[in-house]
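Trainee: Residue numbers (the numbering used here), protein chains in the order written: chain Y, 1 to 337; chain D, 1001 to 1620. We treat Cβ as the ideally placed atom computed from N, Cα and C, and that holds for glycine. The structure presented is a predicted model; accordingly, all values stated were derived computationally and were not measured.
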């Protein structure tokens, strides 16, 4: 590890033909990963990408790393086993809104609660793509899909808020086509010890095209995205002239800067702020609010794998390294001559 | 201690017995399992062969004093070989009327009944459904009834201790245990040592339990109630070092041994479920062996983590019971598809659905064989006795590592919770089961195959140059790339089947115990071993032409099984299910056989099988 690894994007592209629909947001995320991975200083053989089932879950086949395309919703459990089996590995989960929030809902919350040191990229396109267009647990009420011809009556999850509810130690958001931002979020996620949860808004141009128009379109997104930077005031807008402050009753409100209102009056982003603050950010979304992206929450807490390694070391120190013969012959034995 | 005590006071007669069957029964809160386990430990120390049957309700504390709350523990011990916990107890220790009522029907005619006379007040009787006290109404005539005021005597023995009455009353099971130690001349020091360790730092409780135990012993010695006491001389076991072991302990040690001898990290993913949880408890202690136990959020995550750990290079196991097996089936399919080593332990219980979680059954065999969608063959083996569970676990690991495909290991509530003496193996004699990881990068193909076993290479993350992807989609032979090619799919389906079929080259041939050929062959698997062995021995001693074959390997079956079956005129297959092995054998070998089935949540009594053998042979 002393000599710098000379890896490039090319080193992470597998020989498999990428088979997402032309125009799918997944291409941009794949490209971002292939650019970020060589920059992390990790030998290629130490990456493992684990996925469930869904369009996004084909991801491992296109990365020239170790990869495991598992079963629907269960990637967090397999990733946990891989990390506990070999804590030296850099483990990445690729999942979708259906995979991790519907069939795999139980696993994702427990992964976050335990704080296993893995990185989760949740591609949120608010639709089931691989099964050809049913509403998902993040689809908005009223959405007309193949399985909801009269509109969905199903209240959606907010993935970032759900992650916060599970006491996640790292929660971030980005957008498929906002590649400089996405790459930065992926690097921050890698740098966090514990479960790093990334909600990545991703357009399905076949079954849910335009779902994120206001935050993906270059002409619109500057007015609708709120870029979170630790310590900076919550300012947004094409001209950076709007901000968010707390009203008298601790309700957030949007204010125009100028006319007596300065940045000093605004909330300043604190990644370690109380969970209520993080939840407030997670709940904001257009059209009324801007969409906060970047690192919403980052706190330090012991990771499950570190705690496991430590406990094994402690018990080994106190009891001595296990000896098989002693284990067999230790308890109340007797001899028959 | 025992000899010293017996030489004192009036000389009562010692009766010499070859074997004895004792059952302790009481309320769930009376500590009957603990009492039984202590009696077992003392009996093991006395050098007897033994077998035990714990039998308890699913409710942790059912309403006190009711039939639903009765917990029992039976042990058979002898001065020769013991194969079962015994058909009928010779002695019943009943701590309350409900325990008496639930267990008296199974007691030997003229057997001994010891009751806690203090627990037969009107209210107690009502709760057990007695209209009049069975102690006075003559219904126990024919048995040797001993009314002992266990509560009063325990209180008297512990009167000088500064403990609340409730705590003192909890010691009455040790008073009863002490009595039984005298009655059967067991050494009490094993339990004294246990008390000191269990209650370390709680001097009052140490004193209380020691006093209760010794008081019970002394009472039995001094009272004139008992005309005699019993001696069951030590068994003539094969020379070696022995310990008493439960099926769960033996399984755990088997896995630890397999990991040690294969130089792999042992990983267990599990979710609490009766009666399999004890395997998680047992293995979680072995931290200083580097064993990782992971209590997952559910059954699916438990096996998922095991599959992940296997991918990363660990010796991975997951353990569960029937309902969990159903939940795990999709992941077992994945393990078959990605061809990774994995042991799935199914400690079977009575079903379907929640069924009778604390009661035993053998009804998951067909699920293990066929309980997955599509063509998903799996190696299936079984454990036959508590001690045999060590060998079964070791064998499961050997097969899964060598053949790179999952192994289902079937145990059940009876053998997992039961216990027996175990002749300890010499560690150096355990076979080497290590399998090197693949390291060679030159022309590496993740789905290339060993020409003999058809196993694919185990190439683990972290190995430079071997980066590859696995997954549930169909694999192209060799490269492992995703493939929808119809011919490739058919070839891969055949390869996965052939891989499991070839395990038959790696297991011993079937070898009947008894004769090479004859009138009747009794074929069994799993926990029926003891009852069948005992029945066949008795039948042979009677001059009957009957032999026995017990199967460890259920898929694939031994190569010569059909040929062995041909050599016998009739085949009897006893199972605690509706005929699952029978069905497999009939389908495979297309020959008639006699299925003998019982599904009452309890093991066969050897007498039941003996009667069946007699019936078949007499009908000829």
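Could you tell me the distance, in whole angstroms, from the CA atom of residue 166/Y to the CA atom of residue 1458/D?
Mentor: Here residue 166/Y refers to the residue found at position 166 when the first chain is read from its first residue. Here residue 1458/D refers to the residue found at position 458 when the second chain is read from its first residue. Taking the straight line joining both Cα atoms gives about 36 Å.
Trainee: Extract the residue ranges of the alpha helix (DSSP H) inside the stretch 1553 to 1609 of chain D, only unbroken runs of 4 or more that lie entirely within it.
Mentor: Listed in chain order, the complete alpha helix (DSSP H) runs (minimum 4 residues) inside the stretch 1553 to 1609 of chain D are 1561 to 1566, 1580 to 1589.
Trainee: Going along the chain, which residues of its own chain have a beta-carbon closer than 8 Å to the beta-carbon of residue 1296/D, five neighbours each way excluded?
Mentor: As a first step, residue 1296/D must be located in the second chain, where it is residue number 296. Here the set comprises 1269, 1270, 1271, 1302, 1304, 1305.
Trainee: Three-state secondary structure (DSSP) at residue 1521/D?
Mentor: In the second chain, counting from the first residue as 1, residue 1521/D sits at position 521. Of the three classes helix, strand and coil, the one that applies to residue 1521/D here is strand, per DSSP.
Trainee: What residue ranges within the stretch 1433 to 1507 of chain D form continuous beta strand (DSSP E) runs of no fewer than 3 residues, ordered along the chain?
Mentor: DSSP runs (the beta strand (DSSP E)) wholly in the stretch 1433 to 1507 of chain D: 1469 to 1471.
Trainee: Taking the beta carbon of residue 1183/D as the centre, do at least 16 other beta carbons fall within 10 Å, making it buried, or is it exposed?
Mentor: Against the second chain, residue 1183/D aligns to sequence position 183. With 16 or more other Cβ atoms within 10 Å, it is buried.
Trainee: Under 8 Å Cβ-Cβ, which residues of chain D neighbour residue 311/Y?
Mentor: Residue 311/Y sits at position 311 when you count from the first residue of the first chain. The contacting residues are 1287.
Trainee: Show which residues of chain D have a CB atom less than 9 Å away from the CB atom of residue 132/Y.
Mentor: Here residue 132/Y refers to the residue found at position 132 of the first chain. By Cβ distance, chain D contributes nothing, its closest Cβ being about 18 Å from residue 132/Y, past 9 Å.
Trainee: So which residues on chain D does residue 43/Y lean against when the C-beta distance must stay under 9 Å?
Mentor: Numbered from its first residue, the first chain carries residue 43/Y at position 43. By Cβ distance, chain D contributes 1462, 1464.
Trainee: Determine the extent of the alpha helix (DSSP H) in which residue 26/Y is found, giving its start and end residues.
Mentor: The residue you call residue 26/Y lines up with position 26 of the first chain. Element bounds for residue 26/Y: 26 to 36.
Trainee: Compare the C-beta of residue 71/Y with all C-beta atoms of chain D and state if any pair is closer than 7 Å.
Mentor: Residue 71/Y sits at position 71 when you count from the first residue of the first chain. Judged by the 7 Å Cβ criterion, residue 71/Y is in contact with chain D.
Trainee: What's the gap between the Cα of residue 21/Y and the Cα of residue 1473/D?
Mentor: Against the first chain, residue 21/Y aligns to sequence position 21. Against the second chain, residue 1473/D aligns to sequence position 473. C-alpha separation (whole angstroms): 19 Å.
Trainee: Just verifying my parser: in three-state terms, what is the DSSP assignment at residue 300/Y?
Mentor: Within the first chain, residue 300/Y is the residue found at index 300, counting from 1. If DSSP states are grouped into helix, strand and coil, residue 300/Y belongs with coil.
Trainee: Taking Cβ-Cβ distances below 7 Å as the criterion, which residues of the stretch 1279 to 1308 of chain D are in contact with chain Y?
Mentor: Cβ contacts with chain Y: 1286, 1287, 1288, 1289, 1290, 1292, 1294, 1296, 1297, 1298, 1300, 1301, 1304, 1305, 1306, 1307, 1308.
Trainee: Quick one: grab the DSSP three-state call for residue 335/Y.
Mentor: Numbered from its first residue, the first chain carries residue 335/Y at position 335. Residue 335/Y: strand per DSSP, three-state reduction.
Trainee: Could you tell me whether the Cβ atoms of residue 1342/D and residue 1310/D are closer together than 7 Å?
Mentor: By one-based count along the second chain, residue 1342/D stands at place 342. By one-based count along the second chain, residue 1310/D stands at place 310. Yes, these two residues count as a Cβ contact at 7 Å.
Trainee: Which value, in whole angstroms, describes the spacing of the CA atoms of residue 1/Y and residue 41/Y?
Mentor: Here residue 1/Y refers to the residue found at position 1 of the first chain. Here residue 41/Y refers to the residue found at position 41 of the first chain. Low local confidence applies: a pLDDT of 44 at residue 1/Y is under 50, so the model's placement there is unreliable, with the coordinate-based value given in what follows. In a straight line, the C-alpha of residue 1/Y is about 8 Å away from that of residue 41/Y.
Trainee: Just to make sure I have the definition right: I need the residues of chain D whose C-beta is within less than 7 Å of the C-beta of residue 327/Y. Which are they?
Mentor: Here the question's residue 327/Y lines up with position 327 in the first chain. In chain order: 1253, 1256.
Trainee: Run through chain Y and tell me which residues come within less than 9 Å of residue 1014/D, C-beta to C-beta.
Mentor: As a working note, residue 1014/D is residue 14 in the second chain. Correct list: empty, because the minimum Cβ distance to chain Y is about 22 Å.
Trainee: Determine which residues of the stretch 143 to 177 of chain Y have a Cβ less than 8 Å from any Cβ of chain D, and write them out in chain order.
Mentor: Listed by position along the chain: nothing, the set is empty.
Trainee: Measuring straight from C-alpha to C-alpha, what distance separates residue 1090/D and residue 1179/D?
Mentor: Along the second chain, read from residue 1 onward, the residue named residue 1090/D stands at position 90. Along the second chain, read from residue 1 onward, the residue named residue 1179/D stands at position 179. Straight-line Cα distance between these residues: approximately 15 Å.
Trainee: Could you check what DSSP says for residue 1192/D in three-state terms: helix, strand or coil?
Mentor: Against the second chain, residue 1192/D aligns to sequence position 192. Reduced to three states, the DSSP call for residue 1192/D is helix.
Trainee: Following the continuous alpha helix (DSSP H) through residue 213/Y, name the residue where it begins and the one where it ends.
Mentor: As a first step, residue 213/Y is located in the first chain; it is residue number 213 there, counting from the start. Here the alpha helix (DSSP H) through residue 213/Y covers 213 to 216.
Trainee: According to DSSP, what are the bridge partners of residue 219/Y?
Mentor: Looking up residue 219/Y in the first chain gives position 219. In DSSP, residue 219/Y forms no bridge with anything.
Trainee: Just the C-alpha distance for residue 986/D and residue 331/Y, rounded to the nearest angstrom, thanks.
Mentor: Since the first residue of chain D shown is 1001 and the last is 1620, residue 986/D is not available in this structure.
Trainee: Using the Cα positions of residue 1177/D and residue 1592/D, report the straight-line distance between them to the nearest angstrom.
Mentor: For the purposes of this step, residue 1177/D is identified with residue 177 of the second chain, where counting begins at 1. For the purposes of this step, residue 1592/D is identified with residue 592 of the second chain, where counting begins at 1. If I take the Cα positions, the gap works out to 50 Å.
Trainee: Going by other Cβ atoms of all chains shown within 10 Å of its Cβ, with 16 needed for buried, is residue 1266/D buried or exposed?
Mentor: Working through the second chain from its first residue, we reach residue 1266/D at position 266. Counting Cβ neighbours within 10 Å, residue 1266/D comes out buried, since at least 16 surround it.
Trainee: Taking the alpha carbon of residue 281/Y as the point to measure from, which residue in 162/Y, 195/Y, 193/Y, 307/Y has its own alpha carbon closest?
Mentor: Numbered from 1 along the first chain, position 281 holds the residue referred to as residue 281/Y. Ranking the options by Cα distance to residue 281/Y, first place goes to 162/Y.
Trainee: Starting from the beta carbon of residue 89/Y, find every residue of chain D whose beta carbon is closer than 9 Å, and list them in chain order.
Mentor: On the first chain, position 89 is the one that residue 89/Y refers to. In chain order: 1312, 1461, 1462.
Trainee: What is the DSSP secondary structure of residue 275/Y, reduced to helix, strand or coil?
Mentor: Counting from 1 along the first chain, the entry for residue 275/Y is found at position 275. Of the three classes helix, strand and coil, the one that applies to residue 275/Y here is helix, per DSSP.
Trainee: Looking only at its chain, what residues have a beta carbon closer than 6 Å to the beta carbon of residue 1376/D, apart from the 5 residues adjacent to it on each side?
Mentor: Counted from its first residue, the second chain places residue 1376/D at position 376. Excluding residues within five positions, the ones whose Cβ falls inside 6 Å are 1333, 1336.
Trainee: Looking only at its own chain, which residues have a Cβ that is under 7 Å from the Cβ of residue 1282/D, when we skip the five neighbours before and after it?
Mentor: Sequence index remark: in the second chain, residue 1282/D carries index 282 (1-based). So the list reads 1248, 1249, 1252, once near-sequence residues are dropped.
Trainee: Measure the CB-CB distance between residue 1454/D and residue 1499/D and report whether it falls below 7 Å.
Mentor: Indexing the second chain from 1 puts residue 1454/D at position 454. Indexing the second chain from 1 puts residue 1499/D at position 499. Taking 7 Å as the Cβ cut-off, residue 1454/D and residue 1499/D qualify as a contacting pair.
Trainee: Taking C-beta to C-beta, are residue 16/Y and residue 61/Y nearer than 7 Å?
Mentor: For the purposes of this step, residue 16/Y is taken as the residue at position 16 of the first chain. For the purposes of this step, residue 61/Y is taken as the residue at position 61 of the first chain. Result yes, Cβ atoms of residue 16/Y and residue 61/Y sit closer than 7 Å.
Trainee: For residue 53/Y and residue 1206/D, I'd like the C-alpha separation in whole angstroms.
Mentor: Residue 53/Y sits at position 53 when you count from the first residue of the first chain. Residue 1206/D sits at position 206 when you count from the first residue of the second chain. Going from the Cα of residue 53/Y to the Cα of residue 1206/D covers about 57 Å.
Trainee: Which chain D residues are close to residue 68/Y, counting only those with a beta carbon under 8 Å from its beta carbon?
Mentor: If you number the first chain from 1, residue 68/Y lands on position 68. Those are 1308, 1311, 1338, 1469, 1470, 1471, listed as they occur along chain D.
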